[in-house]
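In what follows, a single structure is set out as structure tokens and then discussed.
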Amino acid sequence: KRFTFERAAALGLKVVIIEHPGSWSEGLVKDGVIAKFLPVDMSQPSDVVFEQALAHIQSLGQDGITGAADGIATFVELSVPLVS
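Note that this note's numbering gives residue 26 to position 18 of the sequence shown, counting from 1, and the numbers run on in steps of one.
What follows is the structure in structure tokens.
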């Protein structure tokens with residue numbers, strides 16, 4: 009998956025990852041591959057995960073690091089219902 013985010017960064021995208029705290033992808037911010045990592049405990053009930061993810065998405069652009077979300081994608085099959 010890392011290569012996908014590296015390519016996106018090379019194309020000028022400011023990628024934001026929403027994932028469980030401690031995920032391998034959290035380090036991609038320090039590496040300059042993604043713009044932000046937003047932790048959400050994915051073991052919570054789906055409605056709680058949705059509300060927390062939605063709050064994170066709605067707050068994008070408020071700190072000057074990213075703009076508002078232009079699109080949302082997932083590379084994890086289990087997350088397809090949440091993303092759709």
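No residue lacks a Cβ here, since even glycine has one placed at the ideal position from N, Cα and C.
I'd like to check one pair, ILE42 with VAL57: are the Cβ atoms closer than 8 Å?
The residue labelled residue 57 in the question sits at position 49 within the sequence shown. The residue labelled residue 42 in the question sits at position 34 within the sequence shown. Their beta carbons are not under 8 Å apart, which means VAL57 does not touch ILE42 by this criterion.
Determine the contact status of HIS64 and LEU46, defining contact as a CB-CB distance below 8 Å.
Taking the first residue of the sequence shown as 1, we reach residue 64 at position 56. Taking the first residue of the sequence shown as 1, we reach residue 46 at position 38. Contact: yes.
Taking 7 Å as the limit between beta carbons, can you name the residues of its chain near THR74, skipping five residues before and five after?
Position 66 of the sequence shown, counted from the start, is the residue given in the question as residue 74. Taken in chain order, the residues that qualify are LYS22, VAL24, ALA43, LYS44 and LEU68.
For VAL48, is the classification buried or exposed, using 16 other Cβ atoms within 10 angstroms of its Cβ as the cut-off for buried?
For the purposes of this step, residue 48 is identified with residue 40 of the sequence shown, where counting begins at 1. So VAL48 ends up on the buried side.
Under a three-way DSSP split, which group does PHE58 fall into?
By 1-based counting over the sequence shown, the position of residue 58 is 50. In this structure, PHE58 counts as helix in the three-state DSSP scheme.
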